[in-house]
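Asker:
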């Protein structure tokens with residue numbers, strides 16, 4: 045009973061605060077944060093001053109050979125699928141030679157074929173991958189034949 | 010069904026336009042540069058306009074009946090998050106709503122079932138809608154974050170971390186028609202597609218939901234499904250030169266656009282569909298991304314028993330109460346023999 049009386053008293057008491065609804069500033073703040081996040085790439089790239097992209101370097105050996113496994117346009121976009129296919133055929137079927145559509149014969153090997161011609165992994169594979177944020181884990185096991193054993197172990 | 014089909018035809022048209030246009034040099038410029046810029050401008054202007062417009066509308070009276078006991082007497086247990094009386098409580102309620110879709114989680118579905126006592130009404134939680142929505146939204150977020158790799162150079166480690174976890178699952182499949190393996194699959198893309206198809210299927214096969222579904226419900230879902238399909242196709246089946254793609258997207262982000270010469274039409278389809286989605290957002294139900302923050306049952310403190318809320322646009326009404334009335338007419342009243350309160 046007492047509590048009830050207290051409650052009705054409270055609702056009539058003059059100590060009640062008057063609250064205006066001033067939410068607009070929060071809405072504007074939210075909008076500013078949203079636009080800031082949405083345009084993040086623009087100002088990130090401005091602040092970072094991203095270096096002009098460095099073109100991949102074709103090694104002397106590759107240049108001398110003058111051809112890749114497939115035509116360049118297909119290599120650029122689909123080299124990982126070729127590697128995947130090769131891996132599957134080698135590991136599961138034990139077959140190690142590949143004849144390209146143009147009739148050239150390759151040993152299906154990451155280290156002994158790709159990295160033999162492209163013997164500059166850092167300026168070729170890695171440089172390109174870094175730009176597109178591609179992380180390959182192949183080198184955890186496979187060796188780069190142009191590096192010493194010790195470098196490969198790292 | 011008619012709405013579904015009309016919007017499907019629209020999506021097919023949106024898919025075919027860039028497919029053909031990608032063969033014409035001038036139209037490449039249009040699709041890869043002009044339309045994306047236009048989409049971003051329309052999105053930002055439309056988004057801001059919508060929210061500012063909303064901010065002008067009337068703030069309703071605080072709604073305390075939001076699935077929880079309001080704070081009242083000390084011996085009644087109050088629910089300080091579902092019916093919060095502090096700003097902190099409101100913030101927690103809002104965070105739960107935005108990050109965990111709390112009210113959707115509590116959504117129930119009604120059904121009439123036959124029991125031994127005859128027909129009975131039953132309410133069950135509709136958990137699958139919540140699961141589908143959570144999967145859909147979080148995968149969408151991950152997909153958007155992953156795409157930052159095309160717009161940032163150097164790519165920050167946090168984006169690469171997202172990519173790493175997204176790509177943890179390795180699946181290989183070889184056949185003479187197509188093979189999947191490298192590049193690795195990204196879970197978010199597949200789950201996003203599956204969840205979007207589920208949400209669309211719900212609208213098609215659940216009669217109650219189908220009845221209330223409009224073109225504006227089908228179209229965004231179909232558009233998002235088309236975007237996901239084009240992206241997955243591009244990643245796994247119709248490979249494109251990603252270096253050239255990134256040169257284009259970096260060009261867009263640094264206001265020095267270059268048009269790639271040797272990128273397949275699947276890329277133009279993808280970027281065109283995404284531009285359409287971005288452009289469409291301010292005019293669509295997708296504005297709920299901003300609207301959720303303005304939901305009155307989520308963002309107002311339920312403190313109506315503690316504070317008096319005055320309607321800010323109330324008129325300053327001129328009153329003339331009885332005391333004033335008597336002051337004015339006391340003499341006249343007395344002369345007429347009427348009783349007055351103050352002599």
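Protein chains in written order, with the numbering used here: chain S, 45 to 198; chain Y, 10 to 352.
For every residue, glycine included, the Cβ atom is placed at its ideal position computed from N, Cα and C.
1) I want to verify the contact list: residues of chain S whose CB lies under 7 Å from the CB of residue 190 of chain Y, in sequence order.
2) Grouping DSSP H, G and I as helix and E and B as strand, with all else coil, what is residue 121 of chain Y?
3) Does the beta-carbon distance from residue 109 of chain Y to residue 120 of chain Y come in below 7 Å?
4) Mind pulling the chain Y residues with CB within less than 9 Å of residue 89 of chain S?
5) Can you find the residues in the same chain that come closer than 7 Å, C-beta to C-beta, to residue 59 of chain S, ignoring five residues on each side of it along the sequence?
6) Does the segment 240-258 of chain Y come close enough to the segment 171-179 of chain S to have 3 or more Cβ pairs within less than 8 Å?
7) Which chain S residues sit within Cβ distance under 7 Å of residue 361 of chain Y?
8) CB-CB under 6 Å to residue 194 of chain Y, same chain, minus the five flanking residues each way: which ones, in chain order?
9) Exposed or buried, which one is residue 215 of chain Y when buried takes at least 16 other CB atoms within 10 Å?
10) Quick one, which residues of the segment 272-295 of chain Y are near chain S if we go by CB-CB under 7 Å, in chain order?
11) Does residue 95 of chain Y pass the burial test, meaning 16 or more other C-beta atoms within 10 Å, or should it be called exposed?
12) Taking 7 Å as the threshold (C-beta atoms), are residue 189 of chain S and residue 154 of chain S in contact?
13) Report back the beta-carbon spacing between residue 229 of chain Y and residue 293 of chain Y to the nearest angstrom; my notes put them in contact at under 8 Å.
14) When burial is assigned at 16 or more other CB atoms within 10 Å of the CB, is residue 121 of chain S buried or exposed?
15) Hey, quick one: how far does the alpha helix (DSSP H) through residue 198 of chain Y stretch, first residue to last?
16) Anyone know if the C-beta pair for residue 305 of chain Y and residue 72 of chain Y falls short of 7 Å?
17) What residues from chain Y crowd round residue 166 of chain S, counting only those whose CB sits closer than 7 Å?
18) Identify the continuous alpha helix (DSSP H) that holds residue 300 of chain Y and give its terminal residues.
19) Going by Cα to Cα distance, which pick from Y:146, Y:61, Y:271 is closest to residue 295 of chain Y?
20) Spatial neighbours of residue 171 of chain S within its chain, please: C-beta separation below 7 Å, excluding the five flanking residues on both sides.
Answerer: With the given structure in hand:
1) Taking the second chain and counting its residues from 1, the one referred to as residue 190 of chain Y is at position 181. Neighbours of residue 190 of chain Y on chain S, chain order: 128.
2) One-based indexing of the second chain puts residue 121 of chain Y at position 112. Three-state DSSP puts residue 121 of chain Y in a strand.
3) Within the second chain, numbered from 1, the residue matching residue 109 of chain Y stands at position 100. Within the second chain, numbered from 1, the residue matching residue 120 of chain Y stands at position 111. No, Cβ-Cβ distance for residue 109 of chain Y and residue 120 of chain Y is not below 7 Å.
4) For the purposes of this step, residue 89 of chain S is taken as the residue at position 45 of the first chain. Chain Y residues near residue 89 of chain S: 160, 161, 162, 259, 262, 263.
5) Here residue 59 of chain S refers to the residue found at position 15 when the first chain is read from its first residue. In this prediction, residue 59 of chain S scores a pLDDT of 41, lower than 50, which makes its location untrustworthy; the coordinate-derived value is nonetheless stated afterwards. Excluding positions up to five away in sequence, the list is empty.
6) yes
7) Look at the range of chain Y in this structure, 10 to 352, and you will see that residue 361 of chain Y is not part of it.
8) For the purposes of this step, residue 194 of chain Y is identified with residue 185 of the second chain, where counting begins at 1. The answer, listed in chain order, is 180.
9) For the purposes of this step, residue 215 of chain Y is identified with residue 206 of the second chain, where counting begins at 1. Exposed is the call here.
10) none
11) The count along the second chain starts at 1 and reaches residue 95 of chain Y at position 86. It counts as exposed.
12) The residue labelled residue 154 of chain S in the question sits at position 110 within the first chain. The residue labelled residue 189 of chain S in the question sits at position 145 within the first chain. Contact flag unset, no.
13) Within the second chain, residue 229 of chain Y is the residue found at index 220, counting from 1. Within the second chain, residue 293 of chain Y is the residue found at index 284, counting from 1. With 8 Å as the limit, residue 229 of chain Y and residue 293 of chain Y qualify as a contact, their Cβ atoms being about 6 Å apart.
14) The residue labelled residue 121 of chain S in the question sits at position 77 within the first chain. Residue 121 of chain S comes out buried.
15) Reading the second chain from its first residue, position 189 is the one you call residue 198 of chain Y. That run of the alpha helix (DSSP H) goes 196-214.
16) Start at 1 with the first residue of the second chain, and residue 305 of chain Y comes out as number 296. Start at 1 with the first residue of the second chain, and residue 72 of chain Y comes out as number 63. Taking 7 Å as the Cβ cut-off, residue 305 of chain Y and residue 72 of chain Y qualify as a contacting pair.
17) In the first chain, residue 166 of chain S corresponds to position 122, counting from 1. By Cβ distance, chain Y contributes nothing, its closest Cβ being about 16 Å from residue 166 of chain S, past 7 Å.
18) Position 291 of the second chain, counted from the start, is the residue given in the question as residue 300 of chain Y. From DSSP, the alpha helix (DSSP H) with residue 300 of chain Y extends over 297-300.
19) As a working mapping, residue 295 of chain Y is identified with position 286 in the second chain. Of Y:146, Y:61, Y:271, the residue nearest in Cα terms is Y:146.
20) Sequence index remark: in the first chain, residue 171 of chain S carries index 127 (1-based). Closer than 7 Å at Cβ, skipping near neighbours: 98, 100.
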